[in-house]
Amino acid sequence: MSDGAKRILIFAALMAWCAGLLFLRIVRAGTLTYVFLVWNLFLAAIPAAAAALFAISRSRLSQALSFVVWLLFLPNAPYIVTDFIHLTPRPPVPLWYDVALLLSFAGTGLLLGYSSISDVQNAIARRFGAGAGWTTAFAALLLSGFGIYLGRFLRWNSWDAITDPLDMLGFMARHAVHPQSHLRTLAVTMIYGIGLTLGYLAYQVPRLRMNMQSP
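Everything in the sequence shown is counted per this note's numbering, starting at 1 for the first residue and increasing by one.
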């Protein structure tokens with residue numbers, strides 16, 4: 001079995017586990033609390049699919065489109081981590097169960113994001129070198145921190161960059177010109193961006209070890 005097939009099976013198992021936990025919660029509580037996690041996890045899977053397409057595409061147009069989709073939707077993968085903001089005791093479901101539920105969805109989303117970054121990084125490294133691959137990965141991770149801010153605090157979606165680009169570009173321009181006036185934006189971007197970067201480096205430890213051992 002190829003590595004790609006193994007990865008698909010693992011993510012399928014993770015998603016089935018998340019769905020099972022949510023289904024049991026719905027049955028126990030009789031409410032649809034946390035059902036929004038399904039939509040968030042679906043959005044987190046989009047960059048993974050786009051990255052896989054980017055890695056195997058031979059057409060420059062296909063690569064360009066898949067890269068844009070990947071970059072726009074990538075923040076949705078780690079965004080699920082912020083859904084812990086909704087965590088509160090909700091009897092009759094015990095709090096520990098909801099922690100496990102949110103942790104499962106957030107962990108799966110984060111892994112989908114890291115997997116997609118690795119695919120894009122490898123594809124770029126093969127064509128332009130390892131430095132370009134790592135630069136792309138680090139830039140995408142920091143941009144994901146900014147994307148988390150846009151989604152959590154401003155409630156913008158990935159597709160707003162297409163449906164309302166002028167508003168988004170104007171917002172980013174104002175923040176770039178006067179960063180000292182938008183300290184929360186900078187703080188959220190840097191804290192989540194750096195945290196995601198450190199996590200990605202840990203995710204890549206086996207690869208880094210192999211590179212160090214190779215002659």
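The beta carbon of each residue, even a glycine, is placed where N, CA and C say it ideally should be. Every value quoted in this text rests on a predicted model; they were computed, and no experiment measured them.
- prompt: Which stretch, first to last residue, makes up the alpha helix (DSSP H) that contains residue 79?
  reply: Walking along the sequence shown from the start, residue 79 turns up at place 79. Element bounds for residue 79: 76–79.
Environment of residue 136 [buried if 16+ CB atoms lie within 10 Å]: Numbered from its first residue, the sequence shown carries residue 136 at position 136. Residue 136 is buried by the Cβ-count criterion.
message: Cutting at 7 Å between CB atoms, please list the residues of its own chain near residue 124, excluding the five before and the five after it.
response: If you number the sequence shown from 1, residue 124 lands on position 124. Sequence-distant partners of residue 124 (beyond 5 residues in either direction) whose C-beta falls short of 7 Å from its own C-beta, in its chain, are 132, 133, 136.
task: Mind checking who residue 90 pairs with in its DSSP beta bridge?
output: Numbered from 1 along the sequence shown, position 90 holds the residue referred to as residue 90. BP columns for residue 90 point to 93.
Contact set for residue 196: own chain, Cβ-Cβ below 7 Å, skip 5 residues either direction: By one-based count along the sequence shown, residue 196 stands at place 196. Cβ within range, chain order: 78, 141, 144, 145.
- prompt: By Cβ distance, which residues of its chain are closer than 7 Å to residue 104, with the 5 residues on each side in sequence left out?
  reply: Here residue 104 is taken as the residue at index 104 of the sequence shown, counted from 1. Excluding residues within five positions, the ones whose Cβ falls inside 7 Å are 17, 18, 21.
query: Measuring from the CB of residue 18, is there a heavy atom of the ligand ZN at a distance below 7 Å?
result: Looking for the ligand ZN in the displayed structure turns up nothing, as the structure carries no ligands at all.
Among 5, 112, 111, 127, the one whose alpha carbon lies nearest that of residue 57: Sequence index remark: in the sequence shown, residue 57 carries index 57 (1-based). Per the Cα distances, 127.
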